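Beneath this line is the structure, given in structure tokens, with notes to follow.
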Amino acid sequence: MDITRLRPEDTAAVDELWDMWRVARKHDCPEFQRPFSKAIFLADLNEINPEERHEWRVARIDGRIVGSVHIGMFLGDNEHLLSTDISVHPGFRRRGVGTALLDAATRAGREAGRTVLSAAAAEPLPGGLARTTDGRDFLLHHGFKVGNTVRSRILELSSIEGAVERELLDESWPKAEGYELVQWTGATPSEHAAGAAALASRLVSDVPFGDLDIEEVTYDTDRYLRKESIEMRRGFDFACTYVKHVASEELVAHSVISVNSEAPQYGGQWITLVHPDHRGHRLGMIVKIENHRLLRRTHPGVRWIETANAEVNSHMVAINERLGFTELFRHLDFQREI
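For the sequence shown, our numbering begins at 9 and goes up steadily by one.
Encoded structure:
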């Protein structure tokens, strides 16, 4: 078995790896329909984000690609972490391929001075999608510990009736006196960039991440807009709903949904967040529903919205259940010291 770094100019190997991933994914979760985005993969392979480092190592047996590991590192924040994502062709599992790829990632982490490996896997839920537990079992076997558990959910956008949304908003807006809605699609308007950056900086402190060893990431306006621009180059458009506190003119809550050009029928729920000083006014419910309405107007091709919430995030779980999201699977975030 040979393990080498994948180069973006080696288009034949890139295509071969892409085909292997499709086979592995169909095996691991045959009912999941959302397609991969090759644009995202190619953007990361070409390392368009100067604040992150990405590389893939591929394992070959008799010249055939049978496995891969993605090695990701943040530069400037969380420089103790190295993220890994291992994929092995179903026909070549339990033959040492995954272990060899994990060893390669571990060596890369040591060479870069990283101290913690992070990885993710999934397991089925009753009534959810059928899927294997190969990834989970592999990580547990190699000494990884679960640091956070997340439930992935999906909503068919047409399944929640307008009357239900109106009823929920009629319940919520009277509790939000002194707040007003701010919405846009695509890039953040310059007049709201500072406020959006300030809210984004609250992610790690305000959103539950369980026992994961992860540091806060702080955004100033320039850094926030730079990251947003990179995500748009990766093929994403955005529907953004914020709530402004009228007296202070600060943005205090938001919900952002992404739509990728290669899967325009799917919306991906990014962060929904309410500033701690402004909780208790139903702002979470308001930004969720108002953003669904914005998405219908601006991206009428979207049929489903995918979201994920830490199991300990009972408040946001309750909102999503009331809106009609159904469970797909449990996502497990793992870490291990290098």
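We put the CB at the ideal spot given by N, CA and C, even for glycine. Everything numeric in this text was worked out from a predicted model, so none of it was measured.
Residue pairing by DSSP puts Val77 in a beta bridge opposite Arg65, Ile94.
Burial state of Leu109 is buried, judged by a 10 Å Cβ sphere holding 16 or more other Cβ atoms.
Comparing alpha carbon positions, the residue from Asn57, Pro132, Thr157 closest to Glu39 is Pro132. Taking Glu314 as the centre and dropping the five residues before and after it, the same chain places the C-beta of Ile162, Gly276 closer than 6 Å to its C-beta, in chain order.
Between Asp111 and Gly194, the C-beta spacing is not below 9 Å. Of all alpha-carbon atoms in Leu125, Arg210, Ser167, the one lying nearest the alpha-carbon of Glu329 is that of Ser167. Annotation: His339 is outside any alpha helix (DSSP H); the continuous beta strand (DSSP E) that includes it extends over 334-345. Considering only Pro134, Ala247, Asp145, Ala138, the residue with the shortest C-alpha distance to Thr107 is Asp145. DSSP places Pro132 in the strand class (E or B) of the three-state scheme.
When secondary structure is reduced to three states using DSSP, Thr280 falls in the strand class. In the three-state reduction of the DSSP assignment, Phe49 falls in the helix class, which pools H, G and I. When DSSP states are grouped into helix, strand and coil, Asp10 belongs to the strand group.
Taking C-beta atoms as the reference points, Ile294 and Leu125 fail to come closer than 9 Å. Remark: three or more beta-carbon pairs, one from each stretch, lie closer than 8 Å, so the region 193-212 and the region 277-284 are flagged as touching. Comparing alpha carbon positions, the residue from Gln343, Leu340, Asn317 closest to Thr334 is Asn317.
Non-local beta-carbon contacts of Asn57 in its own chain, meaning distances under 7 Å to residues more than five positions away in sequence, involve Ile238 in chain order.
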